[in-house]
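Peer 1: Per my numbering: the sequence shown = residues 4 to 306.
Beta carbons are placed, not taken as given, at the ideal position from N, Cα and C, and that holds for glycine.
The model shown is predicted, which means the values in this text are computed figures rather than measured ones.
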Amino acid sequence: MNQTNAPASDFASRVTDSGKTDTALRGDYSHVQPDFTIDQGWDAYTSADHAMWRTLYDRQSALLPRYAAPEFLEGLTRLDVRNGIPDFRRASEVLDKATGWTLVAVPGLIPEREFFEHLAARRFPVTNWIRKPEEMDYLVEPDVFHDFFGHVPLLTHPVFADYLQAYGIGGAKAIALNGQEHLARLYWYMVEFGLINTKDGLRAYGAGMLSSRGETQFCIESPSPNRIGFDLERVMRTQYRIDDYQQTYFVLDSYEQLMNATAVDFTPLYARLRELPPIGPTEVLPTDRVFTLGTQGEGHKAA
Numbered sequence: 004m005n006q007t008n009a010p011a012s013d014f015a016s017r018v019t020d021s022g023k024t025d026t027a028l029r030g031d032y033s034h035v036q037p038d039f040t041i042d043q044g045w046d047a048y049t050s051a052d053h054a055m056w057r058t059l060y061d062r063q064s065a066l067l068p069r070y071a072a073p074e075f076l077e078g079l080t081r082l083d084v085r086n087g088i089p090d091f092r093r094a095s096e097v098l099d100k101a102t103g104w105t106l107v108a109v110p111g112l113i114p115e116r117e118f119f120e121h122l123a124a125r126r127f128p129v130t131n132w133i134r135k136p137e138e139m140d141y142l143v144e145p146d147v148f149h150d151f152f153g154h155v156p157l158l159t160h161p162v163f164a165d166y167l168q169a170y171g172i173g174g175a176k177a178i179a180l181n182g183q184e185h186l187a188r189l190y191w192y193m194v195e196f197g198l199i200n201t202k203d204g205l206r207a208y209g210a211g212m213l214s215s216r217g218e219t220q221f222c223i224e225s226p227s228p229n230r231i232g233f234d235l236e237r238v239m240r241t242q243y244r245i246d247d248y249q250q251t252y253f254v255l256d257s258y259e260q261l262m263n264a265t266a267v268d269f270t271p272l273y274a275r276l277r278e279l280p281p282i283g284p285t286e287v288l289p290t291d292r293v294f295t296l297g298t299q300g301e302g303h304k305a306a
């Protein structure tokens, strides 16, 4: 194996042996570049692959008018990708005109450092393979549908696009200060599973729920989860589950609120968080701004 591919192979092995998953990573890591990017290989997608995309797209898009944030819907309309797995180069042209972002193909999960570096350069990594029919409702790793359908529409929104770049820039400091776990919680709750308060009520904008048919409805309608107003320190102290629907969602008043709260030096914040105990995923604090106090009576594996 040549030197370029050795780090990728080591990374894939570490993930497989980490205890976080019982299966080897799905993607082909044998031909990655040093930054873990690959060619998308759009011409290699089969008719069945494109049909899977259309099935997933149609059933999710049918739910979105009721549950999704308007900015997400606007971005999805601009991308116009209903008919099959998108060509990342064409989608990047739309993004570049809107906010200066581009997409890069990756084989799946990539290391934190490279992930942060891509975001800091306004490059969003998107997995190039799509799930199998038997994985329609539950998937161990993020695939192209999760990464593209869930994340890319909001990259057309200037404030959220700037926030995601700022998050990537902050990643290097998190690594230096051993703050990755706290920073990961911010991504989990505010990029993957965020809610926003709109004139029509709470709406979902997070990629994790908007690419999951069940959690799209659960996050808005179920009495089970807590829905708590966004507070930066609170979010970064809160633990989460990766194998079930969320037990707590955090609610933004606006994307500007998220951007402004995170546009500070996190150095003293990391020092303070190291001295504070984590907060369990079901806990509600007296200081919380509670939109919904959950019953914690329902849970399902999330796609």
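Does the segment 153 to 165 touch the segment 77 to 90, meaning 3 or more C-beta pairs lie closer than 8 Å?
Peer 2: Taking a cut-off of 8 Å on C-beta distances, the segment 77 to 90 touches the segment 153 to 165, as three or more cross pairs fall below it.
Peer 1: Please state whether DSSP places Y131 in a helix, a strand or coil.
Peer 2: This sequence places Asn at residue 131; Tyr is not what is there. Coil.
Peer 1: Pick helix, strand or coil for I41, following the three-state DSSP scheme.
Peer 2: strand
Peer 1: Can you name the residues that DSSP bridges to F253?
Peer 2: I231
Peer 1: Comparing alpha-carbon positions, which option in Y70, F148, V35 lies nearest R309?
Peer 2: The structure shown has nothing for residue 309, since the chain only spans 4 to 306.
Peer 1: Give the straight-line distance between the Cα atoms of M139 and T58, rounded to the nearest whole angstrom.
Peer 2: If you draw a straight line from the Cα of M139 to the Cα of T58, it is about 9 Å long.
Peer 1: Does the Cβ of M4 have 16 or more other Cβ atoms within 10 Å, making it buried, or fewer, making it exposed?
Peer 2: Because M4 carries a pLDDT of 30, less than 50, the predicted location of this residue cannot be relied on, and the following value inherits that uncertainty. Exposed: under 16 other Cβ atoms inside 10 Å.
Peer 1: Counting contacts by CB-CB distance shorter than 8 Å, is Y70 in contact with chain B?
Peer 2: Judged by its chain identifiers, the structure shown contains no chain B, having just a single protein chain.
Peer 1: Nearest by alpha-carbon distance to A54: which of I133, E77, F39 is it?
Peer 2: Answer by Cα proximity: I133.
Peer 1: On the DSSP bridge assignment, give the partners of A108 in chain order.
Peer 2: I41, V129
Peer 1: What did DSSP end up calling A72 once you bin it into helix, strand or coil?
Peer 2: In the structure shown, A72 sits in coil (DSSP, three-state: anything other than H, G, I, E or B).
Peer 1: What would DSSP say about R292, mapped onto helix, strand or coil?
Peer 2: In this structure, R292 counts as coil in the three-state DSSP scheme.
Peer 1: Mind reading off the beta-carbon distance from F118 to S214? Whole number of angstroms is fine, and I expect it under 8 Å.
Peer 2: With a contact defined as Cβ atoms closer than 8 Å, F118 and S214 miss out at about 18 Å.
Peer 1: Can G173 and Y273 be called in contact, C-beta distance under 8 Å?
Peer 2: No. Outside cutoff.
Peer 1: Tell me the rounded alpha-carbon separation between H185 and H121.
Peer 2: 20 Å
Peer 1: Kindly list the residues whose CB is nearer than 6 Å to the CB of T313, restricted to its own chain and excluding five residues on each side of it in sequence; keep chain order.
Peer 2: Absent from the structure is residue 313, since the part of the chain shown begins at 4 and ends at 306.
Peer 1: F152 and R63 - do their beta-carbons sit closer together than 8 Å?
Peer 2: Reading off the sequence, residue 63 comes out as Gln, not Arg. Yes, they are a contact pair.
Peer 1: If we ignore side chains and look at the alpha-carbon of each, how far apart do V238 and F196 end up?
Peer 2: 12 Å
Peer 1: Is the separation between the beta-carbon of Q260 and that of F233 shorter than 8 Å?
Peer 2: yes
Peer 1: Is the beta carbon of R188 less than 8 Å from the beta carbon of T241?
Peer 2: Taking 8 Å as the cut-off, the beta carbon of R188 is found closer than this to the beta carbon of T241.
Peer 1: Buried or exposed: where does G209 fall if 16 or more other Cβ atoms within 10 Å of its Cβ makes it buried?
Peer 2: buried
Peer 1: Grab me the residues of W191's own chain with a C-beta within less than 6 Å of its C-beta, minus the 5 sequence neighbours each way, in chain order.
Peer 2: Y243
Peer 1: Going by beta-carbon coordinates alone, are V109 and P128 separated by less than 8 Å?
Peer 2: yes
Peer 1: Jot down the residue ranges of each uninterrupted beta strand (DSSP E) in the segment 173 to 245, minimum 3 residues, whole runs only, in chain order.
Peer 2: 198 to 201, 204 to 207, 229 to 232
Peer 1: Which residues mark the beginning and the end of the alpha helix (DSSP H) in which Y60 is found?
Peer 2: 50 to 64
Peer 1: What is the C-beta distance between G111 and E137, in whole angstroms, given that I count them as a contact (C-beta under 8 Å)?
Peer 2: Contact flag wrong, Cβ pair sits at about 18 Å.
Peer 1: Can you tell me which of L142, A179, T290, P226 puts its alpha carbon nearest to the alpha carbon of I307?
Peer 2: What the structure shows of the chain is the stretch from 4 to 306, and residue 307 is not part of that stretch, so it cannot be assessed.
Peer 1: Need the endpoints of the alpha helix (DSSP H) that V3 sits in, please.
Peer 2: Only positions 4 to 306 of the chain appear in this structure, which leaves residue 3 out of reach.
Peer 1: So, using beta-carbon positions, are L235 and T265 closer together than 8 Å?
Peer 2: yes
Peer 1: Going along the chain, which residues of its own chain have a beta-carbon closer than 6 Å to the beta-carbon of R126, five neighbours each way excluded?
Peer 2: T105, V107
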